[in-house]
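As structure tokens, the structure follows; a few thoughts come after it.
Protein chains: 2
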Amino acid sequence: MDFSAFLTSMITSFVIFVVLLVLFPWLSRRPGNKVVYYPNRILRGVDPFEGGNRTSRNPFAWIREALSSSEQDVVAVSGVDTAVYFVFLSTVLGILVLSGIVLLPILLPVAVTDKTPIASSDTTSNGTFSDLDKLSMGNVAEKSSRLWVFLIATYWVSIVAYYLLWKAYKHVLALRVAALILPEVRAEHFAVLVRDIPPAPEGQIMKEQVDSYFKSIYPDAFYRSMIVTNNKEVNKIYKELEGYKKKLVRAEKIYGESKTTGKPEGVRPTNKTGFLGLIGEKVDSIEYYSEKISELTPKLEAEQIATLRDKQQAAALVFFTNRVTAASAAQSLHATMPDKWIVMDAPEPRQIIWTNLAIKFFQRQIRQYVIYIIVALTIFFYMIPITFVSAFTTLENLKKYLPFLKSIVDIATIRTLLEAYLPQIVLLVFLALLPKLLLFLSKLEGIPSQSHIERAASGKYFYFTSLNVFIGVTVGGTLFATFKKIEKDPNSLLTILATSLPDNATFFLTFVALRSFIGYGLELSRIVPLIIFHLKRKYLCKTEAEVKEAWYPGDPRYATRVPGDLLIVTITLCYSVIAPLIIPFGVVYFGLGWLILRNQALKVYVPSYESYGRMWPHIHLRILASLVLYQLTMLAYFGTKKFYYAPLLLPLVISSLIFAYVCNKKFYRSFCCPALEVASHELKETLDMERIFRAYVPPSLCSEKVEDDRIEDALSRV
Amino acid sequence: MDFSAFLTSMITSFVIFVVLLVLFPWLSRRPGNKVVYYPNRILRGVDPFEGGNRTSRNPFAWIREALSSSEQDVVAVSGVDTAVYFVFLSTVLGILVLSGIVLLPILLPVAVTDKTPIASSDTTSNGTFSDLDKLSMGNVAEKSSRLWVFLIATYWVSIVAYYLLWKAYKHVLALRVAALILPEVRAEHFAVLVRDIPPAPEGQIMKEQVDSYFKSIYPDAFYRSMIVTNNKEVNKIYKELEGYKKKLVRAEKIYGESKTTGKPEGVRPTNKTGFLGLIGEKVDSIEYYSEKISELTPKLEAEQIATLRDKQQAAALVFFTNRVTAASAAQSLHATMPDKWIVMDAPEPRQIIWTNLAIKFFQRQIRQYVIYIIVALTIFFYMIPITFVSAFTTLENLKKYLPFLKSIVDIATIRTLLEAYLPQIVLLVFLALLPKLLLFLSKLEGIPSQSHIERAASGKYFYFTSLNVFIGVTVGGTLFATFKKIEKDPNSLLTILATSLPDNATFFLTFVALRSFIGYGLELSRIVPLIIFHLKRKYLCKTEAEVKEAWYPGDPRYATRVPGDLLIVTITLCYSVIAPLIIPFGVVYFGLGWLILRNQALKVYVPSYESYGRMWPHIHLRILASLVLYQLTMLAYFGTKKFYYAPLLLPLVISSLIFAYVCNKKFYRSFCCPALEVASHELKETLDMERIFRAYVPPSLCSEKVEDDRIEDALSRV
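In order, the protein sequences belong to chains A and B. Counting in UniProt numbering, the first sequence runs from 1 upward without gaps. Counting in UniProt numbering, the second sequence runs from 1 upward without gaps.
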């Protein structure tokens, strides 16, 4: 990629960003769009244009609002998880800013003024060697004493990272504790999840067994238990019933609207009963749905009772009358056989994965390892398409391997455009395919809570992006050139990675810029959700509920957001010394990210769970993994520069490992289990244990007031 | 070593064994020796010759007694740890017997009837090739289809091991639970050890801080706390005082005895006050010691109060009024900073290591790793002497490198004796040097209990013996021959080990026989303690207390016993298929061991602690490690036999790892922490919390009745 292609890419993406930035205040001020731009506020019952009149003239008011919001605001509006995400963004921003302040004014002059002729081995394709490369470490001669400066720079970046990561871990722990210490009653703090309950002895039902077991251990604190049932059937009926209810409301609305026109009697809506409403008998919708509802309601009730009585599974939720007992029970071994009566802290009611609760201990272990193998295979075989993508990034290769494209590619405009965008767009689309699969696989592991599933998927996604995008593109980009080398010595991956890095610097500069400008431009302006919402509202939605569903913002999807950001962390860290020019791009990415997501967190997204920052240790560990990868590639790169003092970087790698170990020992356990000193704090409210218990009854088992008594009956009976 | 040397060694050690076996009943029946042969019974207040008159004529009555004793007897007399040790012995015995029954009748004929001429590479020194080798796998030709039989035998041994180890783990867990569930009050079940207490806030003393911290978390169950103090000074004074008291008793006894003779006024004993009683002023002993005692007593009291008040450290014992709270507290995270307020289960009062309690969290971590490095270096550099030992095992080498010995060595008798004993004796002496060092190093790690220290030392000792004795001797024995090979490819250790095994079979046969006959012969006959006791009684002991000290049997020293046995396990397993003749030797070792130690457990040793079988998971893991080493060497050995189906052993290695993982997950946690369902069982006695608290006061801080009030005062005040 030559310099003009690079510039074209930069300028176009920046222009798009500016357009979106200008569009945003204009679009967001239109009252019809407020549900797209302020859904969080609307759902909280707050005026969307809070202080809006005063600032409506100023199109950049949102920036001031975002900057002036405190961490406490974020915690209050969007929870600890979101606040922790901002700690992550600001920590990385801090690392990059502190690195950049020192590295840019020192390394760029040192590199650019090196007069020694460049060895041809430093660049595999002389044709694409551009002016940008003069600003990088590749421009420094082998064995040059100028390399000392780069070595010290490598240390500087690492030390800054240690310092800020340490501060961040402490800060996140404080955030977590502050949130957990609050004197508000939360159902999950009084419950534990019990799995792997052994079969009840003869003549005793499961509930009796669970109750007597926990009553004997906790005679004072035990309140009540809830046996987990197999809700598949009841959920199906409940869903069907709810579907018909929605359809009925919709049909009535259509009927009502048809009345207002010329015909006062209206047109009664009809539908076909067969497959997808396309075939079968034509019936009157309102009558048909009403009939279906009155048919299903008693069926649901019967199924609810049958489920509670006959479909009990080997898992239960146990409720205690105080937080300390629940917290300490979740950490203690209960049975002499450690694979029985496994007790863990209960997930929030809203994020519990009911279908996973009854999976047996060793089956969970097996599932976990099988999934790991599948993910490893996925990561490994996704390399193949990536290699192709990388091959196409150099047009030279394109012309060589697909000669019929030569005439098209030689047209200057197309050539520039292709060089600038094609590879990045292919990569971005490609990355969008995976998260769903990883979430699905993580769920199969048997994890009991949504937040844990997202953490697991996020971890897998990080390895995917690091291995495939970063290493794959870097090595793959020169794979054709270095194929022979790899074949000769498969252990030389690190050296190959190191030598390939400089060649791919401009690719990743463009990649980071594209992610910053286009990615965050789209994020802020919400063009896509806006268009979808308006289309849906116009052609599909009839009822209030349907409209709300159309604009409901969903949660911030940290499972994909965090690994995406971590990929940028990996890229910027690994390039920080080799091509310091990447640092400003990283700063722009994380700075813009912080600003725009602050806006979105305050006004748009509604988190679907709260895990009190349990994501942080994963993020921390993966930043450190990036740091170690950076240190190792630097070690290898100094090696290829034939710098005799390269082994001086080894202590840095070791200190990273020690740092990870110390952080893990010092903080991690507090993120796994609730500390008793926190749980022992007094509560503000008086305790309504019945309400806590009710919070965990799934909606399909307690939907309406009328049924409550009968289910109450069933719950007590079992 | 040729066949006659082997036979000489066997016969002499067997003869010694028979002599000791005959000596034992004769010695043990003499009344003056009963304190050496029945100390355990005497200390329990049981008649040493329980049913002795009836069986005194029969010199092998002890065998019947040992065989008829039940596991419950062992638990009652010697505790769960000893019972677990017998489970270990009988499990290994079972593995060897079941393996031997199948392997001996099948493998020996298959090996000996192979007519193919032996490739010269199978034996490095044709001169020492003996008839024994014809019974081993080395006699089977390369690529022979007879190797299939050996492959299946390899599987058989492993499957037998899995089956018996699984049963043993279950059995040990049941033993542990049965002992923990007993309704007797044990102080350690009501206490937890709290370490890393943060500095007390201004205006609060440590005890107030600890009390208020635990009172707020456990308002109902908290009883009292005891701050750990720095007892160095008070212990010194206490020890000095106790020393003078003993000396005073001794002096009075000497004075009393001198009266009975001609002089009725007696001779007042004197001593010198200087260094070791050799120099300095000569004084009247009784007066001098009485004076010292009355001088030190108030000093001790003052120091006791000063210690309790001023020498508090950042650790404490906290007492709860019920077992469930103590058990669950020991497993729970208390502080939000996981390196503060670390709570763990309290060791028994008798095995607590007071000086280690106040060591800080990260210092413990650092100490642990430093010790690991030191031990690794020790293991590594001990290789050097072992290599020399091994070099001397072949007299050919001795003659070659030390030609001046040639004339001596060539004398047939000396030659035979040297070949038979020299190397084994050197090895045994050498192995006796290490345990003290390893115990000392393990203590430095900061471990709070004696049993844990012994487990840690035992683990280190196992690695030492496996690496140095087994691998060191095997590889080292042919090190001069294979030196070039190792230098070319350092990864070939396993292949070298495999090819060297057959050459060293007779060495290890002799080694196992020596350990069985001489080792257990000495153990049973207690010749060494007997001689030492009689010498001490005659020349040193004057008072009753001194005599008791002279015969006090001490504990069974599992820290060295278990690794010693595990070395035999490693040797017999690794040779079981290659040279099945080792199996009967292993059976004799573990059979004799079981029988003789049963006798010693019931009559001699007095365990100094009870850890409820926590040694077992370590033993289990190390037996599995031996099994994996065996499977790997077999894999390599089949490889050197050019057997194409050798990779069929890989699934076996993998299944061993899976077996280890499953056992760990299924049982291990129950050995680490007390299960609450066990702790929640009712107690028989009424609870005397004050007695439980008192049990933990170190003797130097509460020695006499008179002081109690004042110390009580000090304890309450702080």
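Ideal Cβ positions, reconstructed from N, Cα and C, are used throughout, including at glycine.
- Within chain B, the residues whose beta carbon sits less than 7 Å from that of A:Cys673 are Leu333, listed in sequence order.
- For B:Leu173, the neighbours in chain A by C-beta distance under 8 Å run, in chain order, Thr336, Met337.
- Within the stretch 169-204 of chain B, the complete beta strand (DSSP E) segments at least 3 residues long are 191-195, listed from N- to C-terminus.
- A check of alpha carbon separations from B:Val678 across B:Phe464, B:Leu438, B:Arg44, B:Ala179 identifies B:Ala179 as the nearest.
- Within 8 Å of the CB of A:Ser328, the CB atoms of chain B belong to Ser328, Ala329, Gln331, Ser332, in sequence order along the chain.
- Under the 8 Å criterion on CB atoms, A:Ile582 is classed as non-interfacial with respect to chain B.
- Taking each of B:Tyr520, B:Leu89, B:Asn322 in turn and checking the Cα distance to B:Arg186, the smallest one comes out for B:Asn322.
- Closer than 7 Å at the C-beta level to chain B, one finds these residues of the stretch 671-696 of chain A: Cys673, Ala675, Leu676, Glu677, Val678, Ser680.
- By the neighbour-count criterion, in which 16 or more other beta carbons inside 10 Å mark a residue as buried, B:Ser407 falls on the exposed side.
- Along the stretch 201-218 of chain B, the positions whose C-beta sits under 8 Å from a C-beta of chain A are Tyr213, Ser216, Ile217, Tyr218, read in chain order.
- Per the coordinates, the alpha-carbon of B:Leu296 lies some 12 Å from the alpha-carbon of B:Tyr288.
- Here B:Leu333 is near A:Gln331, since their CB atoms are less than 8 Å apart.
- For A:Gln365, a Cβ of chain B is located within less than 8 Å of the residue's own Cβ.
- Distances from the alpha-carbon of A:Ser136 to those of A:Asn235, A:Val283, A:Gly521, A:Ala579 put A:Ala579 closest.
- Taking 8 Å as the upper bound for CB-CB distance, A:Ala513 and A:Ser13 are in contact here, some 6 Å apart.
- Taking each of B:Thr633, B:Asn235, B:Ala314, B:Ile16 in turn and checking the Cα distance to B:Leu522, the smallest one comes out for B:Ile16.
- From the beta-carbon of A:Val324, the residues of chain B found nearer than 8 Å are Ile217, Tyr218.
- Sequence-ordered contacts of the stretch 149-181 of chain B with chain A read Leu173, Val177 [C-beta pairs closer than 7 Å].
- Rounded to the nearest angstrom, the Cβ distance from A:Val318 to A:Val194 is 6 Å, consistent with a contact under 8 Å.
- Within the stretch 307-364 of chain A, the runs of beta strand (DSSP E) that reach at least 3 residues and sit entirely inside it are, in chain order, 312-320, 342-345.
- Contact between B:Leu278 and B:Ile583 does not hold, since the beta-carbon distance rounds to 58 Å and is not under 8 Å.
- Take A:Leu164, set aside five residues on each side of it, and the residues of its chain with a beta-carbon closer than 7 Å to its own are Thr91, Gly94, Ile95, in chain order.
- For the pair A:Lys263 and A:Glu252, the Cα-to-Cα distance works out to about 16 Å.
- Within the model, the alpha-carbon separation for B:Lys536 versus B:Val36 is close to 13 Å.
- For the pair of segments examined, the stretch 500-510 of chain A was found not to touch the stretch 535-550 of chain A: the number of CB pairs separated by less than 8 Å stays below three.
- In the three-state reduction of the DSSP assignment, A:Tyr223 falls in the strand class.
- Apart from the 5 residues on each side of it in sequence, B:Ile353 sits with its Cβ closer than 6 Å to the Cβ of Pro448 in its chain, given in chain order.
- A:Gln304 and A:Ala314 have their C-alpha atoms roughly 18 Å apart.
- Taken through DSSP and simplified to helix, strand or coil, B:Thr495 comes out as helix.
- Note that the stretch 659-674 of chain A touches the stretch 335-354 of chain B; at least 3 beta-carbon pairs, one per stretch, sit closer than 8 Å.
- Burial check for A:Tyr605: the Cβ neighbour count within 10 Å reaches 16 or more, so the residue is buried.
- Taking 8 Å as the cut-off, the Cβ atoms of B:Val228 and B:Ala358 count as close.
- The beta carbon of B:Phe533 sits no closer than 8 Å to any beta carbon of chain A.
- The stretch 440-447 of chain A makes contact with the stretch 361-377 of chain A, as at least three CB pairs between them are under 8 Å.
- If you draw a 10 Å sphere on the C-beta of A:Val87, you find 16 or more other C-beta atoms in it, and that means buried.
- Burial check for B:Asp220: the Cβ neighbour count within 10 Å stays below 16, so the residue is exposed.
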